[in-house]
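One structure is given here, and the rest of the page talks about it.
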Amino acid sequence: MIREGINFTRHELSDLLKAWLVLSLAFAILLTGPKFSLLFVKHLMISAFTVGAGFLLHELSHKFLAQKYGCRAEFRAFPLMLAITIFSSLFGFIFAAPGAVFIGGNISSKKNGQVSLAGPLTNIFLAIAFFSLIVFSQSELLQLVGSLGSRINAWLALFNMIPFGPFDGKKVWNWNKGIWVTFSLLSLLLVFLF
81 MIREGINFTR HELSDLLKAW LVLSLAFAIL LTGPKFSLLF VKHLMISAFT
131 VGAGFLLHEL SHKFLAQKYG CRAEFRAFPL MLAITIFSSL FGFIFAAPGA
181 VFIGGNISSK KNGQVSLAGP LTNIFLAIAF FSLIVFSQSE LLQLVGSLGS
231 RINAWLALFN MIPFGPFDGK KVWNWNKGIW VTFSLLSLLL VFLF
């Protein structure tokens, strides 16, 4: 039986931290190259905020909604995928699938679809929020944060809506094809706009 509220284990918190750090490092390498410099540190901090926010809030939205529905939900990092994330960044692209929230318990197709949609929906909201920094800020740094944050989160939403295998989109597709089409098209539109 799950206790009331949101529960985390130490292992889960450690895995979330590892995945966040690896994604931040990979994007900094992609933006700057693997050579240490002040620009690298700047991109590492921006990546930790933009990519980190997108990744963490995406995964936590799955966890929170699943636990609200009375299920066990815990994030687990995949060590091999963490290594692939860093390795791919050295070659000018990022294959980012550092882990997933594993859900246990009795859950209907509808609730499972809703839990799965929570992640990409979070990225859609973040993409729009980061884009507002470009529109409303005069600061070059905030505009850079807004540009990277809006593009990364739009791509994360679209990528996760793939209706195949373990992706969120597969569970949303199985639950409601109309909702899948709506949020996939919205994600695609944001990718093109940002």
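According to this note's numbering, numbering within the sequence shown proceeds without interruption in unit steps and concludes at 274. The C-beta atom is built at its ideal place from N, Cα and C for all residues, glycine as well. Quantities reported herein were computed from a predicted structural model and do not represent experimental measurements.
Legend entry - Residue closest to S168, alpha-carbon to alpha-carbon, out of H91, G199, F107: The shortest C-alpha to C-alpha distance from S168 to any of H91, G199, F107 is the one to F107.
Legend entry - Assigned exposure category for T262 - 16 Cβ within 10 Å defines buried: exposed
Inset, instruction - Report the option in V271, N240, L266, A198 whose CA atom is closest to the CA atom of R231. - result: It is V271 whose Cα lies nearest to the Cα of R231.
Legend entry - 8 Å Cβ cutoff met for L124 and L93: no
Legend entry - Coarse secondary structure for G199, derived from DSSP in three states: helix
Legend entry - Backbone secondary structure at A180 - three-state DSSP: It is a strand residue.
Legend entry - Which of helix, strand or coil DSSP assigns to F244: coil
Inset, instruction - Taking S196 and A234 to be in contact with their CB atoms under 8 Å, please state how far apart those CB atoms are, rounded to whole angstroms. - result: So it is not a contact: roughly 18 Å between Cβ atoms.
Legend entry - Identity of the residue in H91, L137, T112 nearest L206 by Cα: L137
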